[in-house]
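Below: the structure, in structure tokens.
There are 4 protein chains.
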Amino acid sequence: MNTFGYLFRVTTWGESHGKAVGCVIDGCPAGLKIDHEFIAKEMQRRKPGGIFSSKRREEDVVEILSGVLDDVTLGTPISILIRNVDVDSSSYEKIRTVFRPGHADFTYWAKFGIYDWRGGGRASGRETAARVAAGAIAKLILKRFGIKIFGYAKEIAGIKFRVEDPEKAFEISEKSPIRCPDSEMEKLAEEKIVEAIESGDSVGGIVECVAKNVPPGLGEPVFGKLNAYLAYAVMSIPAVKGVEIGRGFEVSRLRGSENNDPIILKDGKIRFAKNDAGGILGGISNGEDVVIRAAVKPTPSISKEQRSIDWEKMEEVSVSVKGRHDPCIVPRAVPVVEAMVSLVLVDCMILQQIVPRKL
Amino acid sequence: MNTFGYLFRVTTWGESHGKAVGCVIDGCPAGLKIDHEFIAKEMQRRKPGGIFSSKRREEDVVEILSGVLDDVTLGTPISILIRNVDVDSSSYEKIRTVFRPGHADFTYWAKFGIYDWRGGGRASGRETAARVAAGAIAKLILKRFGIKIFGYAKEIAGIKFRVEDPEKAFEISEKSPIRCPDSEMEKLAEEKIVEAIESGDSVGGIVECVAKNVPPGLGEPVFGKLNAYLAYAVMSIPAVKGVEIGRGFEVSRLRGSENNDPIILKDGKIRFAKNDAGGILGGISNGEDVVIRAAVKPTPSISKEQRSIDWEKMEEVSVSVKGRHDPCIVPRAVPVVEAMVSLVLVDCMILQQIVPRKL
Amino acid sequence: MNTFGYLFRVTTWGESHGKAVGCVIDGCPAGLKIDHEFIAKEMQRRKPGGIFSSKRREEDVVEILSGVLDDVTLGTPISILIRNVDVDSSSYEKIRTVFRPGHADFTYWAKFGIYDWRGGGRASGRETAARVAAGAIAKLILKRFGIKIFGYAKEIAGIKFRVEDPEKAFEISEKSPIRCPDSEMEKLAEEKIVEAIESGDSVGGIVECVAKNVPPGLGEPVFGKLNAYLAYAVMSIPAVKGVEIGRGFEVSRLRGSENNDPIILKDGKIRFAKNDAGGILGGISNGEDVVIRAAVKPTPSISKEQRSIDWEKMEEVSVSVKGRHDPCIVPRAVPVVEAMVSLVLVDCMILQQIVPRKL
Amino acid sequence: MNTFGYLFRVTTWGESHGKAVGCVIDGCPAGLKIDHEFIAKEMQRRKPGGIFSSKRREEDVVEILSGVLDDVTLGTPISILIRNVDVDSSSYEKIRTVFRPGHADFTYWAKFGIYDWRGGGRASGRETAARVAAGAIAKLILKRFGIKIFGYAKEIAGIKFRVEDPEKAFEISEKSPIRCPDSEMEKLAEEKIVEAIESGDSVGGIVECVAKNVPPGLGEPVFGKLNAYLAYAVMSIPAVKGVEIGRGFEVSRLRGSENNDPIILKDGKIRFAKNDAGGILGGISNGEDVVIRAAVKPTPSISKEQRSIDWEKMEEVSVSVKGRHDPCIVPRAVPVVEAMVSLVLVDCMILQQIVPRKL
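If you read the protein sequences in the order shown, they are chains A, B, C and D.
If you're matching positions, the first sequence starts at 11 in our numbering and goes up one per residue.
If you're matching positions, the second sequence starts at 11 in our numbering and goes up one per residue.
If you're matching positions, the third sequence starts at 11 in our numbering and goes up one per residue.
If you're matching positions, the fourth sequence starts at 11 in our numbering and goes up one per residue.
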């Protein structure tokens, strides 16, 4: 189940401390011009850097091995290779028989009878580099259809950020080291992160992603609903524990008359007055902005002492996870959420035959 | 995309006011004894009834047409037929050219150029009858493995319900007309619903579902994560706008040291001290209770006047949806959430080879 | 695995002596006018009748339960129900613990630990009624695009039939009780069948199916090749033991210079001079007639005594299969092969976006 | 559609003259010891070499980038990379606007509006290197269950080879430069190939593959039949135009009483007396040898002059394909057929839960 998508299918592979991570994109339309610079920029956005993220140096050079001739896609599988550099497994060596709390060590062991103890292996956030690379290609397709994807932090460590216009929020957040779209609250959130770092701890937050200019008609009844597909996509990102569309959990406290979007005519077009539904009705896009939010848990790797199990000795131990970790994964999760949303939209657009087989 | 599941595959079909709804279950293990009484009881739980739900009379008799010989499954597809009785499309006739706000009329029209104007057609909650029938068969399998599924309302119209033990909550809620597990708050919630009815309006709420005795190892890296699969399953239910696992959105406000579950030894078994993770780590079950919550929007069908569009005349109109509607869909959504969770778990257990091909 | 197709997906269900057989068609484009008469006629073509086929009376009335409103498809699943009438399991009762040679009794038992002993259960040719119903709907779509499907017997009991023009062959064969397109050889083949009947035996043959006006570009590299997909489709029909495309096995004896189709310009179009390739190159249609042949084994049900096993007593026995069987299944296999070829072509045309989501 | 398999899924990628070809294997059981030497040996079997094959030098070094730790599989995707070395596109440059007869140039162009003119691109036999690598890992699994796969040429250029015992045939053929299992006829076949070479032409043939010790119960009703799956798998190999199981096309000329396999008891086991069915009944393995044959067309690349089209000028031209080609592809197709059969069997064994998730 390392493949995502119906017609635009992305298969990712690779372990955190293995030779490389990568993906194969199958079903990409032919005739797409590959903008290598854009892909590199997207990879850059996910890379660690700055005081608020991991110290691991990831070059994340995207090597395209197939499916592209003279920078144009052939309609055949695009194989993407991203070498793992600066891998350092030494800090894991000491705890290789200890399940790290909040991590997948135990569950992979329970499932497969074996797990890669080096840096989280397949369950590491490192895997998302391949998603961002695939998402970058999806975004190149979306661009051709005028669709824009804006992701940013909506909340960090309990500090909520105000957003009026998603596009502006995106622009501001891209200049913020923590992808905060609210200049007023940014300092407060950064202080919370610094506090966490100082106490060997970590914090979580919420990512919001808005897709503009999405055509109506995307999503498939009844199990391929656009909201179901998006929830699946975003919930598959490591550390995500909740997903909501439009006003999400809030709607459970509204009346029908408050929540229903009045349908109106605007410039001769059928539109929805408030878009509380987040651009989706009955599982199908209605032409308004698609809005999704993801709850991101605090990074489980903390240097604070925690209780756990040494599975070799089968006894309780105390463990402190050293390595190089992000005190708050939210900023780096933003481009990953964008990538997953982009993959879903492109796939739905091919299914709906809006994106043709040959561009 | 009317098929759900990898190996335990359920294909549902049918429109609200058509001849019937139903499903085909493909991949059900052979040798399962079919308990018709149990299936009938599950259908009963979803049926409308009482003052708090639609007045439509749905007999929901489950007719099994294939895949079963002498009440034992053959391993071949199980075809289930549920006739639609008491269908009355008259109230829809008057508004057949008007998109009902909050409904899928417009989006189906945008997607297919045509839609069934009678009672929501394929997008109606009626479709979930087939899910509950399939879920009942899934539950029969889960029972064989000691797994229990407990669903109930967690919140209605903003009134939060206290739950200590999911099993007890389930028992109490099953006696409540609104599936409320909190005897103290029940009246308050009912009053809110009555208020909504009286003003021609509706309310929403939150459903919680807990699966006990789930074995560790379920869920597939990286896109078949158990939480992603559950989110997809539950978000595909009509009216659901948000999904969360374990403590869900709350974790975004916690520190890593608060959120991480300490791993402990209990009776010689590896266990998780608090289960804030809701039974899932790295997308794979860890042996603790699997906990999921769904935000359910207020029923979009309300008799209050709303603004909308008549697509024939292409002009704005005022519309009041008469028909027979649930003022609050939460109580009836509970068995549907349970059904979807059951389908996911059985499918994952077959994938993990815990459930054999022949029982 | 009772579902066939990527985007035009047909799930069949039902046992030979159960209440009914049927299918769900998911992914049928919206806006298709359903021609009930045509569907009935296609069902008629598969029905037993005449001296050369089974005496079982199958009414094969197709009941459409969903997905169609006022005879037009909605884009939602089309559920088809075909009641089993005139079911007589008495002749099977006597041999219910004996595996019938050439049948699937043993293999279903080995797979599922249980099998439906009544008339072959799920493995019976009865299941193909659902395929023909689905195929009829596929043909309605193909018609809209000018594609015609012509099936007929190419050989029966070793008697080869000459075919010059597939369309004429089809017309002649439709008037023949054994679907023979060669008036000269028809009598000879019929004599062979009568001989087999008289000695309590059966004969086999070869079905040929030609699709005309297939657009170039159908089929997906590399595992969704059109020839691979067709082989899969046709080999899934009971009794088929071999499949070939174009000149098929003959090409293994040709030189490259003989086998390669010269590419020419004809009326300004790129065409292939001889079409020995059967309309497919590199797994993708080239615009010429798609030609496929299927080897059909002699009906395994024969009244002649055969050696077998009684699994209850675990001892060797002699068995004579009475029931009502076709002495030669080839004529009735013709519409089934046509149905499977039609399903493949429609699916590939949707994948290639030649058939739109809304017709 | 570059992915093959339900649970043991292989996604191949790469063009003939691109940087590399490769595949991702998803769903490989954890705990499998990777025998690198065996994989290298299998790659060697497919490599060109000797006077009867292409002069292209393919090192075919298999680099495993993920999914394996200390030579043991982790249950996560195995990414395989095979660099293309000795690529020479010069001979193609001259004919880059000419569709080569018998090749996929035209059909890829019709499908995608673009094609890789260098050596057949994605449609080249080069792609099968990735299949053989994946097949080698499948064979490592089959070995653990005592299943053996024997492939060899059954016929070349019309010269039929006698085979009594598949295992012996395999051993003899592995020493033959043309994979001929019949020492008597080998010279004759070689002469035919030499004749073809001398006249700038090519020849075809038939590959046979036998799987021994296949357990009963593999294959899924009704569209996942083992024979259908095998036909699909083998027909997806470039140059294959026909597939048959057991006695295949011959059965169409037999009587039921001749073709049916008597079921007998042998050493207390249920067995089939003659295995004309090729190990499959009703689409499910019966425990006897699985036997499949593939018709391989003569290599389309020939230096003889042929008629074709220059698509740039849209005019008829004469073309002679130079490059480095196999005069007969049959010997090199043998390990590819074996690989595809192995992939099918492993996948079916995982589906049937005979191969566990953790070995």
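Glycine is no exception: its CB is placed at the ideal position from the N, C-alpha and C atoms.
These numbers come from a predicted model, not from an experiment.
Where residue i falls, given that 16 or more other Cβ within 10 Å makes a residue buried
i, result
"Met324 of chain A", "exposed"
"Leu275 of chain C", "exposed"
"His27 of chain D", "buried"
"Glu254 of chain D", "buried"
"Gln316 of chain D", "buried"
"Ile223 of chain C", "Note on residue identity: the sequence assigns Asn, not Ile, to residue 223 of chain C. It counts as exposed."
"His113 of chain C", "buried"
"Lys121 of chain C", "buried"
"Val72 of chain D", "buried"
"Asp70 of chain D", "buried"
"Asp80 of chain A", "exposed"
Rounded straight-line distance, which links the Cα of residue j to that of residue i
i, j, result
"Ile90 of chain B", "Cys33 of chain B", "5 Å"
"Val213 of chain D", "Leu369 of chain A", "39 Å"
"Phe282 of chain A", "Phe116 of chain B", "11 Å"
"Arg55 of chain C", "Leu84 of chain B", "30 Å"
"Glu322 of chain B", "Asp336 of chain B", "29 Å"
"Arg66 of chain D", "Phe259 of chain C", "28 Å"
"Val82 of chain D", "Ile124 of chain C", "38 Å"
"Pro345 of chain C", "Leu152 of chain B", "42 Å"
Simplified DSSP assignment, three categories, for residue i
i, result
"Cys358 of chain C", "helix"
"Tyr8 of chain B", "The question about residue 8 of chain B has no answer, for chain B in this structure spans 11 to 369."
"Leu91 of chain B", "strand"
"Ile273 of chain D", "strand"
"Gln316 of chain D", "strand"
"Val250 of chain C", "strand"
"Phe62 of chain A", "coil"
"Leu84 of chain A", "coil"
"Trp119 of chain C", "helix"
"Ala305 of chain A", "strand"
Terminal residues of the alpha helix (DSSP H) in which residue i lies
i, result
"Ala143 of chain D", "138-154"
"Glu298 of chain A", "That residue, Glu298 of chain A, is in no alpha helix (DSSP H); it is neither H nor E in DSSP."
"Lys51 of chain B", "46-56"
Same chain, Cβ closer than 6 Å to residue i, five either side skipped, listed in chain order
i, result
"Ala144 of chain A", "Val20, Cys33, Ile35"
"Gly297 of chain C", "Pro226"
"Thr309 of chain B", "Ser212, His335, Asp336, Ile339"
"Arg128 of chain C", "His27, Ser99, Tyr102"
Limits of the beta strand (DSSP E) - the one that residue i falls within
i, result
"Gly32 of chain A", "30-36"
"Phe109 of chain D", "That residue, Phe109 of chain D, is in no beta strand (DSSP E); it is neither H nor E in DSSP."
"Arg257 of chain D", "Here Arg257 of chain D belongs to no beta strand (DSSP E), and DSSP marks it neither H nor E."
"Arg281 of chain C", "279-282"
"Glu73 of chain A", "72-74"
"Phe160 of chain D", "158-166"
Cutoff 7 Å; reference residue i; Cβ partners in own chain excluding five residues on either side
i, result
"Glu200 of chain B", "Ile188"
"Arg132 of chain A", "Glu25, Asp126"
"Glu137 of chain D", "Thr22, Gly24, Val31"
Cβ-heavy atom distance, residue i to the ligand HEM, below 7 Å
i, result
"Ser100 of chain D", "Among the components of this structure there are no ligands whatsoever, and the ligand HEM is therefore not found."
Other residues of its chain near residue i: CB distance less than 8 Å, five sequence neighbours each side excluded
i, result
"Glu174 of chain A", "none"
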